[in-house]
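Heads up: the structure comes next, in structure tokens.
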Amino acid sequence: MIFVSTSFAGATFHPGDRGSQVLAVQQQLAADGYSLTVDGDYGTGTTEAIREFQRDHGLTADGILGAATYAALMGSAMPDNMSSHFVQKDAPAPEAAPVQPSQLQDIQQALADRGYSVDVDGVFGKGTDAAVRSFQSSNGLNADGVIGPATYEALMGQPMPAGQTTFSMADRFRTDTAPAAPADNKPAASLEPATASNAIVLLQQALANNGYDVDVDGVFGVGTENAVRNFQASHGLEVDGVAGQATFYELTGKFLPSGPLRRFGNGGYGGSTMVADRAQRLMGIANQYIGVPYVFGGNDPSGFDCSGFTRYVYSAVGIDLPRMADEQYNVGYDVSRSYLQPGDLVFFTTYLPGVSHVGIYIGNNQFINASNSGVSIDSLDSRYWSSRYVGAKRVM
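First residue of the sequence shown: 1, per full-length UniProt numbering; consecutive thereafter.
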């Protein structure tokens, strides 16, 4: 359900808000070095950029632009929210109009006529994406691989026809082609719309329909992640084990109702999501203490510091760690970042030279730790933590 309305004056800015105020916020985020599309649309990319900004500035990382976040980012008090359009946050994403292969073929032919190497096949694949980006770079356009009005006019020599949509890699999965029939003896794909509560089940059903050995149980565990990776590898998608919009649509023919589906962040820490029994217990114990406040020198559930937290959690599964972060860095054996597994210790340099902070890796470049905001989950990819990363140790 889409609402077109004027937000209440003075209200917090939320995902779905659109307009010049959102554009100004995006411009400031981009100027501060955060990666997002500056388009005036408070979408997923803007939400993630705000989350990262909030983490970097010790704010609650909820992706919502409230008064404190606005003041920290913009250097002024938050104005009245005059956004003119928003999407009901709990509604399924709207279905986009089908893209006709002939529309893409015309664009591909224009690229080929200009000397770009591209198949004129009506499929917006990696080759077309690369050609579009190259064309955009050569013509002073934003090289994002999306054929919007500016790129279309520069390429085709005429304005984009009224009512015609933008084109991008996502259009590869938005055609009138009927989905393949399900394999014998596999669960049939559901005809119900995708919602936040059934998205993992729909994903698993579709994987099973495509011949992958996966339990349809609604838990995004190791088996589901491996099946997603195998599917991505065989369909020319980025192989990351994360079911984003493109992967989900390719599998189910439906649009995701919320953010990407992954092994951590939507399926919890229990059940089959861990790679080993001890790691499973470790994550279950660590997860219990999310929200416990940070206390310098704290080593119990009334308050933790970073190494007090890791020592407490590991002791619960029979592993005795030294008390201090730099001492913990001297146990176990080194693990490169590309081979991190849940349960590995990850180390950082923060307020002191050398190792001065430690957390527990949980997968998908995320770790759980006791920081100034208390026990919480952070990303190794954030600007703050990535610049301070020292290394990792495996102790079990």
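Backbone N, C-alpha and C fix where the C-beta goes; we use that ideal spot for every residue, glycine too.
For clarity, every value in this text was computed on a predicted model and none was experimentally measured.
Between the CA atoms of residue j and residue i - distance to the nearest angstrom
i: Ala170; j: Gly127; result: At Ala170, the pLDDT of 47 sits below 50, so the modelled position is not reliable; the number obtained from the coordinates is stated separately. So the alpha carbons of these two residues sit roughly 14 Å apart.
i: Ile50; j: Lys393; result: 31 Å
i: Ser138; j: Tyr116; result: 12 Å
i: Tyr70; j: His57; result: 12 Å
i: Ser379; j: Ala370; result: 13 Å
i: Asp32; j: Tyr384; result: 13 Å
i: Val222; j: Ala206; result: 17 Å
i: Ala316; j: Arg278; result: 10 Å
i: Asn372; j: Lys254; result: 40 Å
i: Asn28; j: Tyr351; result: Residue identity check: residue 28 is Gln in the sequence provided, not Asn. Approximately 27 Å, taken between the alpha carbons.
i: Ile200; j: Thr252; result: 11 Å
i: Ser234; j: Val228; result: 10 Å
i: residue 398; j: Leu202; result: Since the first and last residues shown for the chain are 1 and 396, residue 398 lies out of range.
i: Tyr152; j: Asn230; result: 35 Å
i: Asp215; j: Asn209; result: 12 Å
i: Tyr294; j: Ser376; result: 10 Å
i: Ile362; j: Ser387; result: 19 Å
Secondary structure of residue i, DSSP reduced to three states
i: Ser272; result: Because Ser272 carries a pLDDT of 32, less than 50, the predicted location of this residue cannot be relied on, and the following value inherits that uncertainty. Helix at Ser272.
i: Asn364; result: coil
i: Asn287; result: helix
i: Ala208; result: helix
i: Phe347; result: strand
i: Ser234; result: helix
i: Thr393; result: According to the sequence shown, residue 393 is Lys rather than Thr. Lys393 falls in the strand class under three-state DSSP.
i: Ser135; result: At residue 135 the sequence reads Phe, which differs from the Ser that was named. Correct three-state label for Phe135: helix.
i: Asp320; result: coil
i: Val201; result: helix
i: Gly127; result: helix
i: residue 425; result: This structure leaves residue 425 out entirely; the chain is present only between 1 and 396.
i: Gly10; result: At Gly10 the pLDDT is 41, less than 50, meaning the model places this residue with poor confidence; the figure from the coordinates comes in the next sentence. Coil.
i: Asp378; result: strand
Close beta carbons around residue i, own chain, < 8 Å, minus the five adjacent residues each side
i: Asp300; result: Gly308 and Tyr312
When the options are compared against residue i, the one with the closest alpha-carbon
i: Gly45; options: Gln21, Phe53 and Ser35; result: Ser35
i: Ser356; options: Gly363, Leu345 and Glu250; result: Leu345
i: Phe304; options: Met324, Asp320, Ser338 and Ile319; result: Met324
i: Asp121; options: Arg133, Ile107, Ser134 and Asp113; result: Ile107
i: Glu48; options: Ser338, Ile368, Thr247 and Asp381; result: Asp381
i: Ser338; options: Gly298, Gly354, Gln366 and Tyr351; result: Gln366
i: Leu155; options: Arg229, Val132, Asp144 and Asn142; result: Val132
i: Gln288; options: Pro260, Gly241, Ile368 and Gly236; result: Ile368
i: Pro260; options: Asp213, Ser302, Thr195 and Gly291; result: Thr195
Paired residues, beta bridge with residue i - DSSP
i: Asp41; result: Arg18
i: Asn372; result: In DSSP, Asn372 forms no bridge with anything.
i: Tyr333; result: Arg394
6 Å Cβ shell around residue i - same chain, five flanking residues per side excluded
i: Ala30; result: Val38
i: Ala72; result: His57
i: Leu104; result: Gly122 and Phe124
i: Pro322; result: Gln328
Sequence-distant residues of its chain with Cβ nearer than 7 Å to residue i (five each side left out)
i: Phe173; result: Since pLDDT at Phe173 reaches only 36, below the 50 mark, its modelled position is unreliable, and the value read off the structure follows with that caveat. Cβ within range, chain order: Ala246, Tyr249 and Glu250.
i: Ile64; result: Thr12 and His14
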